[in-house]
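As numbered in the numbering used here, the sequence shown has no gaps in its residue numbers, which increase by one up to the final residue, 1108. Just so you know, even glycine gets a beta-carbon here, dropped at the ideal spot from N, CA and C.
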Amino acid sequence: MGKARYKICTKTIYQTNSKKGLYMYSKKYFFKSLTVLLFFLLILNCALACADSRNRTPYKLRASIMYIVPEENMVNVAEEEIILKFHMEQGIKKWDTRVIDTDGNSVDILKLKSRDRVLVSGWNDGNKIVADEIILIESHKQ
């Protein structure tokens, strides 16, 4: 057939044109390269997470609610669109943005009305404001 080619790796010579030698060679370096790749992906993921959290700036706003759109997860406070956090649980929307009154009692987001005075605490990432907590300071009586 021809001359066999040899590769030297860690003081062992494998004949690369034989199936067993090539298998041993590729298996050994496959796991090493996979480990290195996973390590770099982990480092990249950590770097992106740190960069994302550094881009956020704390945000506080004390003003009156202008209007609420629960279908779009949004409340407008002093002409600022505030995004409300939520997750879906068995097809039902569960709010992750905490809404409390001044005594610390929980308040349903749907109970908020326009002209209620609130303190919104959250973060601003440059193009949107996301609320972590809304404190109902004064409820407007209609």
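Asked                                                                                                                                       : Found
Under 7 angstroms between C-beta atoms of Ile-1034 and Leu-1078                                                                             : yes
Cβ pair count under 8 angstroms reaching 3, the segment 1055-1074 against the segment 1082-1099                                             : yes
Cβ-Cβ distance between Val-1073 and Asp-1082 below 7 angstroms                                                                              : no
Whole-angstrom distance between Cys-1012 and Phe-1006, CA atom to CA atom                                                                   : 10 angstroms
Proximal residues to Phe-1052 (C-beta, below 8 angstroms), its chain only, five neighbours per side dropped                                 : Asn-1039, Lys-1059, Lys-1060, Trp-1061, Asp-1062 and Thr-1063
Contacts around Ala-1044, its chain only, beta-carbon distance under 6 angstroms, and the 5 residues preceding and following it disregarded : Ala-1029
Local conformation of Ala-1029 per DSSP, three classes                                                                                      : strand
C-beta atoms of Ser-1080 and Ile-1048 nearer than 7 angstroms                                                                               : no
Val-1041 burial status per 10 Å Cβ neighbour count (16 or more: buried)                                                                     : buried
Backbone secondary structure at Ser-999 - three-state DSSP                                                                                  : helix
Separation of Trp-1089 from Glu-1104, as counted between CA atoms                                                                           : 23 angstroms
Under the three-state DSSP convention, the category Lys-1077 falls into                                                                     : helix
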